[in-house]
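*Asks:*
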Amino acid sequence: MTHKEWPLYEVFIRSKAGLSHRHAGSIHAADDQMALDAARDTYTRRSEGISLWVVRSSEIVASDPAETSAFFEPAEDKIYRHPTFYEIPDGVENL
Amino acid sequence: MYTQGLDQKEQSSDKRDALESAADLEAFQKRIDAEQKIEAKDWMPAAYRRTLVRQISQHAHSEIIGMQPEGNWLTRAPTLKRKAILLAKVQDEAGHGLYLYGAGETLGTSRDEMIADLLSGKAKYSSIFNYPTLTWADMGAIGWLVDGAAIMNQIPLCRCSYGPYARAMVRICKEESFHQRQGFDIMRELCRGTDEQKAMAQDALNRWWWPSIMMFGPSDKDSKHSAQSMAWKIKRFSNDELRQKFIDVTVPQADFLGLRVPDDDLAFDDETGHYRFGAIDWSELNDVIAGNGPCNKQRIAKRRKAHDDGAWVREAAIAYGEKHATKAAA
Amino acid sequence: MTKDETLLAYVLRLGDNALILGQRMIEVVTTYPELEEELANANLALDYIGQARLFYTYAGKLEGKNRGEDALAFLRDGGEFRNLLLLEQPNGHFGDMMARQVLFESFYLLQLEALEQCDDSQLAEIAVRAAKEIRYHLRHGAQWLVRLGDGTDTSHARVQQSITDYWQYTGEMFVADNVDQAFAEFFAGPDLEAIHQQWQVNVAAILDEATLTMPGDEWMASGGKRGRHSEHLGYLIAEMQFLQRAYPGANW
């Protein structure tokens, strides 16, 4: 008999209304519904969430750490994108 | 639950190690020294990866095997409340094993591979779980002493340099905070109880004290790989430091319970502010590690049987999943 | 049967069902086919222990003899338990457990939903809470039955056998005895005939999706509801009650 492992899924939890889903960890499951149950039974035992996403780990497209500098450093010198770049003259409030 | 004593046998180094440039290694160490976390896809020395896979998988195996000694009393728990608490705790251990296997998998080793190593006897797990649980008081002693020792080890791991391991440990430590308390609570109830109950508690302490002390692993002078693990910030305190801390914290708790710690040499040293304790019989631990503990064979046999008995279920689920994925795509 | 006696007997039965099934599920902790399932089943078993505690605590109050949840769980002998025979059957394999779960919970959920509307407000309150838990159980168990039924040839054959083997224990759930009848009258309790019909429809739908065959009408075992149990219950009780029996009066 061929030996196969249940696929890996990543689990994301919304802890309360108004917040984004956040990565919690992973589980193994043979299908999507099983993945949802496993995520529920593994990661929300202490009322950690009100909504769950599960996605096959193999479906995630990730940036490559080798390209970190090309990807992210060019943003570092665009300091004018941040409000703290600008000086607020005395006497002006709530700008 | 976990033991630091696991991280001992470094395999002979990989051929790939030789191909790692000094510059890469130095840059890596700089990141570590700057307290930067290493993430799954980052470059890392092969030996760092190996050490982590070994330590994380052994830690996971310990959680899974550790379910058995406590699971042994689930059906006999004396009250419904105790039954529910113990079940929640044993379930947490399954969860912790799961989180840890997940952290291990980020390093490129599948959970199946790790479990295969456990079942074949190649991978180790904490020797403490090769001792039998003979009375209900053992549920108290395990929670109080074994989880107490585990927490000492685990809290520093929350700051471990490898991100996925550190994050798993944060979750685990948060969940485990009730484990030691429920153990102490069991002991306390027994010590307030009948003479028979108190004798049961003392007997459990007698049997679990030394194995718990040994959970911290060999003495620093005999622990060869500690230095490298410390440099990589996988480990942050030495075995002896943690052991001393555990004894200092635990002895007053035993006094509170009115129980006697089974060590004739135990005495508080006013000068150092620490307890002095008797010589540890390492030959016993080494025997258990070598496979000659009271329950080694039983624990692995049970795990292996569960794994084999479940094979048809896992296969059925895969077959169903594939059938219906194909249908959905068609 | 007086109104008070009826309520007490009915609540005790609910507690016994929850405890005996919960205890059976606990027996197999550490032996599930996969780690995720280990967590799932511990959650389900915890729900049952929790429900047993609620039912017993309430029963103890109704009885007024100073017996709490533990006295009712640990200090009654087998013949005093009124659980369904289905729930005390030994666990068998994973497919057996899923089959038992689906057959019972398809009934239990309908029972709880009816109890949510009953005339005893405290019982109705417990039923609301328990129904939430069982709704998830049933989702989980039914999915598994479908996976096993529609999985491999081996799993199909095994779980078909499980359904066939357990079928004889399902009849007891729907035969209204004097307690059921009195409870229906006094408290507007569940109509077991209506529940039976709905159960048939729901279970048929699950079995159909699982490509499994529903067994035909056959001889049905009964006795659990009046304390006539199978040989299996005695061992379960002996193990469960060991400490309370060996150390009478001790606190734990």
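Residue numbers (this note's numbering), protein chains in the order written: chain X, 41 to 135; chain V, 2 to 331; chain A, 373 to 624.
From the three backbone atoms N, C-alpha and C, an ideal C-beta is built for every residue, glycine too.
#1: Closest to I336/V by C-alpha separation, out of L119/V, A23/V, E36/V, E197/V, would be which residue?
#2: Below 7 angstroms between beta carbons is the criterion; list the residues of the segment 73-104 of chain V that meet it against any residue of chain A, in chain order.
#3: Using a Cβ cut-off of 9 angstroms, which residues of the segment 499-519 of chain A contact any Cβ in chain X, in chain order?
#4: Determine whether the Cβ of L418/A lies closer than 7 angstroms to any Cβ atom of chain X.
#5: Please classify L191/V: does DSSP put it in a helix, a strand, or coil?
#6: Let me know if F236/V comes out buried or exposed under the rule of 16 or more other beta-carbons within 10 Å of its beta-carbon.
#7: Compare the C-beta of D81/X against all C-beta atoms of chain A and say whether one is closer than 7 angstroms.
#8: What's the gap between the Cα of Q30/V and the Cα of Y163/V?
#9: Hey, out of R112/V, K42/V, R304/V, whose CA is closest to Y100/V's CA?
#10: So which of Y619/A, E435/A, G606/A, A502/A has the shortest CA-CA distance to I392/A?
#11: Distance check for T583/A and A354/A, CA to CA, integer angstroms please.
#12: For chain A, find out if any of its Cβ atoms is closer than 7 angstroms to the Cβ of D72/X; answer yes or no.
#13: Going by beta carbon distance, what residues of the same chain come within less than 6 angstroms of W209/V, once the five residues before and after it are set aside?
#14: Using C-beta distances below 7 angstroms, list every residue in its chain close to A503/A, excluding the 5 sequence neighbours before and after it, in chain order.
#15: Going residue by residue through the segment 508-583 of chain A, where are the continuous alpha helix (DSSP H) segments of at least 4 residues, counting only ones entirely within it?
#16: Do the CB positions of L191/V and Q183/V come within less than 7 angstroms of each other?
#17: Have a look at R32/V and A75/X and give me their C-alpha separation to the nearest angstrom.
#18: Look at the alpha carbon of G58/X and the alpha carbon of E50/X, and state the distance between them as a whole number of angstroms.
#19: Going along chain A, which residues have a C-beta under 8 angstroms from H68/X?
#20: According to the neighbour-count rule (16 or more other Cβ atoms, all chains shown, within 10 Å of its Cβ), is S58/V buried or exposed?
#21: Check R54/X in the structure and name its three-state DSSP category.
#22: Closer than 7 angstroms, CB to CB, is E99/X near chain V or not?
#23: Can you list, in chain order, the stretches of the beta strand (DSSP E) that have 3 or more residues and sit fully within the segment 212-285 of chain V?
#24: With a 10 Å radius around its C-beta and 16 neighbouring C-beta atoms as the bar for buried, classify A529/A as buried or exposed.
#25: Evaluate contact between the segment 535-554 of chain A and the segment 450-470 of chain A, counting only Cβ atoms and requiring at least three cross-stretch pairs below 8 angstroms.
#26: Applying a beta-carbon distance threshold of less than 8 angstroms, which residues of chain X neighbour I319/V?
#27: If we ignore side chains and look at the alpha-carbon of each, how far apart do D1/V and P212/V end up?
#28: Since L53/V and L108/V should fall inside the 8 angstroms C-beta cutoff, what is the C-beta to C-beta distance between them, to a whole number of angstroms?
#29: Identify the contact partners of A102/X in chain V, using a Cβ-Cβ distance below 8 angstroms as the criterion.
#30: Suppose contacts are defined by Cβ-Cβ distances below 7 angstroms. Is A317/V in contact with T524/A by that definition?
#31: Measuring only between beta-carbons, confirm whether A64/X sits less than 7 angstroms from chain A.
#32: Run the CB neighbour count on T136/V, radius 10 Å, all protein chains shown included, and call it buried at 16 or more, exposed below.
#33: In chain order, what residues of the same chain have a beta carbon less than 8 angstroms from the beta carbon of Q5/V, not counting five sequence neighbours either side?
#34: Can you tell me whether DSSP reads V101/X as helix, strand or coil?
#35: Would you kindly check if the distance between the Cβ of D34/V and the Cβ of P105/X is under 7 angstroms?
#36: Alpha carbon to alpha carbon, how far is D468/A from I578/A?
*Replies:* Here's the rundown:
#1: Residue 336/V is absent from the model: chain V starts at 2 and stops at 331.
#2: Within the segment 73-104 of chain V, those residues whose Cβ lies closer than 7 angstroms to any Cβ of chain A are, in chain order, L75, T76, R77, P79, T80, L81, R83, K84, A85, L88, A89, V91, Q92, A95, G96, G98, L99.
#3: Answer set for the segment 499-519 of chain A: Y508, R511, H512, Q515, W516, R519.
#4: One-based indexing of the third sequence puts residue 418/A at position 46. Answer no: the Cβ-Cβ gap between L418/A and chain X never drops below 7 angstroms.
#5: Taking the first residue of the second sequence as position 1, residue 191/V is located at position 190. L191/V: helix per DSSP, three-state reduction.
#6: Here residue 236/V refers to the residue found at position 235 of the second sequence. According to the sequence as given, residue 236/V is Lys; it is not Phe. Looking at its Cβ environment, which holds 16 or more other Cβ atoms inside 10 Å, K236/V is buried.
#7: Counting from one through the first sequence, the residue named residue 81/X turns up at place 41. The Cβ of D81/X sits closer than 7 angstroms to at least one Cβ of chain A.
#8: Residue mapping note: residue 30/V aligns to position 29 of the second sequence, counting from 1. Residue mapping note: residue 163/V aligns to position 162 of the second sequence, counting from 1. Each residue's alpha carbon lies about 13 angstroms from the other.
#9: Position 99 of the second sequence holds residue 100/V. A check of alpha carbon separations from Y100/V across R112/V, K42/V, R304/V identifies R112/V as the nearest.
#10: Start at 1 with the first residue of the third sequence, and residue 392/A comes out as number 20. Taking only the C-alpha atoms, the option nearest I392/A is G606/A.
#11: Because residue 354/A is not part of the residues shown, which for chain A are 373 to 624, the question remains open.
#12: Translated into positions along the first sequence, residue 72/X becomes position 32. The beta carbon of D72/X does not come within 7 angstroms of any beta carbon belonging to chain A, so the residue lies off that interface.
#13: Here residue 209/V refers to the residue found at position 208 when the second sequence is read from its first residue. Result list for W209/V: A142, L146, in chain order.
#14: Taking the first residue of the third sequence as 1, we reach residue 503/A at position 131. Annotation for A503/A: L481, L484, E485, E488 place their beta carbon closer than 7 angstroms to its own, counting only its chain and skipping 5 residues before and after.
#15: The alpha helix (DSSP H) runs lying completely inside the segment 508-583 of chain A and spanning 4 residues or more are 525-539, 543-546, 550-559, 564-581, given in chain order.
#16: Taking the first residue of the second sequence as position 1, residue 191/V is located at position 190. Taking the first residue of the second sequence as position 1, residue 183/V is located at position 182. Their beta carbons are not under 7 angstroms apart, which means L191/V does not touch Q183/V by this criterion.
#17: As a working note, residue 32/V is residue 31 in the second sequence. As a working note, residue 75/X is residue 35 in the first sequence. If you take the alpha carbons of R32/V and A75/X, they lie about 36 angstroms apart.
#18: The residue given as residue 58/X occupies position 18 in the first sequence. The residue given as residue 50/X occupies position 10 in the first sequence. Computed Cα separation, rounded: 21 angstroms.
#19: Working through the first sequence from its first residue, we reach residue 68/X at position 28. The contacting residues are E406, L407, E408.
#20: Position 57 of the second sequence, counted from the start, is the residue given in the question as residue 58/V. By the Cβ neighbour-count rule, S58/V is buried, with 16 or more other Cβ atoms within 10 Å of its own.
#21: For the purposes of this step, residue 54/X is taken as residue 14 along the first sequence, with counting starting at 1. Of the three classes helix, strand and coil, the one that applies to R54/X here is strand, per DSSP.
#22: Numbered from its first residue, the first sequence carries residue 99/X at position 59. Contact of E99/X with chain V is not assigned, every C-beta pair being separated by 7 angstroms or more.
#23: The segment 212-285 of chain V contains, as complete beta strand (DSSP E) runs of 3+ residues, the segments 268-270, 275-277 (chain order).
#24: The count along the third sequence starts at 1 and reaches residue 529/A at position 157. Classification for A529/A: exposed.
#25: Here the segment 535-554 of chain A makes contact with the segment 450-470 of chain A; the two share three or more CB pairs at distances below 8 angstroms.
#26: What you label residue 319/V is simply residue 318 of the second sequence in a count that begins at 1. Ordered by position in chain X, the residues that pass the 8 angstroms Cβ test against I319/V are K44, W46, A70.
#27: Coverage of chain V is limited to positions 2 through 331, which leaves residue 1/V absent and any answer about it impossible.
#28: The residue you call residue 53/V lines up with position 52 of the second sequence. The residue you call residue 108/V lines up with position 107 of the second sequence. Confirmed, Cβ separation roughly 6 angstroms.
#29: The residue given as residue 102/X occupies position 62 in the first sequence. Within 8 angstroms Cβ-Cβ: K42.
#30: Residue numbering aside, residue 317/V sits at position 316 when the second sequence is read from its first letter. Residue numbering aside, residue 524/A sits at position 152 when the third sequence is read from its first letter. Yes, the pair counts as a contact, with Cβ atoms nearer than the cut-off.
#31: Locating residue 64/X in the first sequence gives position 24, where the first residue counts as 1. Chain A has no Cβ within less than 7 angstroms of the Cβ of A64/X.
#32: Walking along the second sequence from the start, residue 136/V turns up at place 135. By the neighbour-count criterion, in which a residue is buried when 16 or more other Cβ atoms sit within 10 angstroms of its Cβ, T136/V is buried.
#33: Position 4 of the second sequence, counted from the first residue, corresponds to residue 5/V. Low confidence applies to Q5/V: its pLDDT is 48, below 50, so where it sits in the model is not reliable, and the reading given next is rough at best. So the qualifying residues of the chain are N154, M216, F217, G218, K236, N240, L243.
#34: Translated into the one-based positions of the first sequence, residue 101/X becomes position 61. Under the three-state reduction of DSSP, V101/X is assigned to coil, being neither helix nor strand.
#35: Position 65 of the first sequence, counting from 1, holds the residue named residue 105/X. Position 33 of the second sequence, counting from 1, holds the residue named residue 34/V. It is not a contact, given that the beta carbons lie outside the stated cut-off.
#36: Residue mapping note: residue 468/A aligns to position 96 of the third sequence, counting from 1. Residue mapping note: residue 578/A aligns to position 206 of the third sequence, counting from 1. Whole-angstrom Cα-Cα distance: 15 angstroms.
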